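Heads up, the thing below is written out as structure tokens.
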Amino acid sequence: MSSLQSYLLLSALLFSIGLAGALTRRNAILVLIGIELMLNAANLNFIAFWRFGPTPSRLTGIMFAIFSISVAAAEAAVGLGIILAAYRHSRTTDLDQMNSLKG
Amino acid sequence: MTVSFLILAILTVAGTAAAMGLRNAVHCVLALTVGFAGVAALYLQLGAQFVGFTQIMVYVGAVAILAVFAIMMTHTPTPVQLPAYSPHWFWGGIVAAAVFAVLAWAIRSGTASAQALPPQPDINVQQIGDALMHRYVLPLEIMGLLLTAALIGAVVIAMDRKEEPK
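These protein sequences, in sequence, are chains A and G. Using the numbering used here, the letters of the first sequence map in sequence onto residues 1 to 103. Using the numbering used here, the letters of the second sequence map in sequence onto residues 1001 to 1166.
Spelled out as structure tokens, the structure:
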């Protein structure tokens, strides 16, 4: 097994762990963290393909990863803000108890 | 596959699996910082120093702290311990395992197997700054706009509005 494959397998495993967390946890904040883990797995793929690609001096994978990290940071800030607003409204972060759209 | 990769991979997977599996939410975020630091060390191992330190600053420094703050602000002591997992956790695990199986099959049967590790590219921060200021200046400006909008939007959404008198 080549080392690019091992990085890709690790990234797939990280993605699956994040997906399992996002699908099974009841706390909304932990679901958001699961989504962050999936984004991290994608970043690891970008960097691995950049490193093993034909022209690493063109910095394409690094740029992709930097912009992807920025988007993930913005997403985390807005997501946690939405969770706080929902908590103020329904006094819970348990997703199984947030079952009405109309307050 | 080297020994350092194996150690970092085990550390990363153990940290993230604990982050998604533990019951106490604060413990989950602490385990998550270990996982994020492991991913940052993998970036350093691949020769992407700038991305590795960005990962440490953004994820370990900002996102994890933000998550801890959110968990502490939304902590409600309940007389009955609520279950940490959804009642359909079994199917969620099955779906995640199936996704991993498909991805692993695609990776194993793909054509990426013959790649040898190319020589370490000589990348420094000055080259990254040059690229950001010349070739990627428009994405950089758009990212600045997006971050500003996200900052203002997060504050507006999370702000505690008093009801206006009618």
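Virtual Cβ for every residue (Gly too), placed ideally from N, Cα, C. Just so you know, these numbers come straight off a predicted model, no measurement behind them.
Using only alpha-carbon positions, find the residue among G/A1104, G/I1007 and G/F1090 that is nearest to G/A1037. Distance from the Cα of G/A1037 is smallest, within the candidate group G/A1104, G/I1007 and G/F1090, for G/I1007.
Can you pull the chain G neighbours of A/A42, defined as C-beta to C-beta under 9 Å? The premise fails here: A/A42 is roughly 11 Å from chain G at the closest Cβ pair, so nothing lies under 9 Å.
DSSP state of A/D96, grouped into three classes? coil
Roughly how many angstroms lie between the CA atoms of G/Y1085 and A/I69, to the nearest whole one? Looking at the two C-alpha atoms, the distance is approximately 28 Å.
Contact between the stretch 60-79 of chain A and the stretch 1039-1055 of chain G is defined here as three or more beta-carbon pairs at a separation below 8 Å; is this criterion met? yes
Work out the CA separation of G/I1152 and G/V1029 for me, nearest whole Å. Between G/V1029 and G/I1152, the C-alpha separation is close to 25 Å.
Count the other C-beta atoms from every protein chain shown that fall within 10 angstroms of the C-beta of A/R26, then say buried if there are 16 or more, exposed otherwise. buried
Is the stretch 37-52 of chain A close to the stretch 79-92 of chain A, with three or more CB pairs under 8 Å? no
Is it the case that the stretch 1098-1107 of chain G contacts the stretch 1052-1069 of chain G, given that we only count it when at least three CB pairs across the two stretches are under 8 Å? With the rule of 3 Cβ pairs closer than 8 Å, the stretch 1052-1069 of chain G does not count as touching the stretch 1098-1107 of chain G.
With a cut-off of 7 Å, does the C-beta of A/T93 fall near any C-beta of chain G? Yes, because at least one Cβ of chain G sits closer than 7 Å to the Cβ of A/T93.
For G/F1100, which of A/L4, A/V78, A/L9 and A/Q5 has the nearest alpha-carbon? A/L9
Kindly indicate if chain G contains any beta-carbon less than 7 Å away from that of A/N27. yes
N- and C-terminal bounds of the alpha helix (DSSP H) containing A/N43: A28 to F52
On the premise that A/A20 lies in contact with G/L1020, defined as a C-beta separation below 8 Å, what is that separation, rounded to the nearest angstrom? At residue 1020 of chain G the sequence reads Met, which differs from the Leu that was named. Right, the Cβ-Cβ distance comes to about 6 Å (below 8 Å), so this counts as a contact.
According to DSSP, is G/Y1085 helix, strand or coil? strand
Mapping DSSP to helix, strand and coil, what is A/R25? strand
Going by Cα to Cα distance, which pick from A/A22, A/A28 and A/L23 is closest to A/M98? A/A28
Going along the chain, which residues of its own chain have a beta-carbon closer than 6 Å to the beta-carbon of A/F46, five neighbours each way excluded? Result list for A/F46: G61, F64 and A65, in chain order.
Within 7 Å (strictly less), CB to CB, does G/I1056 reach chain A? Cβ-Cβ to chain A under 7 Å: no for G/I1056.
Rounded C-beta distance between A/S52 and G/P1118? I'm assuming under 8 Å. Sequence check: residue 52 of chain A is Phe here, not Ser. Yes, A/F52 and G/P1118 are in contact; Cβ-Cβ is about 7 Å, under 8 Å.
Proximity below 7 Å, CB of G/G1035 to CB of A/L23: Between G/G1035 and A/L23, the CB-CB gap reaches or exceeds 7 Å.
Hey, quick one: how far does the alpha helix (DSSP H) through G/A1067 stretch, first residue to last? A1064 to M1073
Taking only beta-carbon atoms, is A/T60 less than 7 Å away from chain G? no
Cβ of G/M1133 less than 7 Å from any chain A Cβ? For G/M1133, the answer is no, since every Cβ of chain A falls outside 7 Å of its Cβ.
Hey, could you find the ends of the alpha helix (DSSP H) G/P1121 is sitting in? No alpha helix (DSSP H) holds G/P1121; DSSP gives it neither H nor E.
Cβ of G/S1086 less than 7 Å from any chain A Cβ? yes
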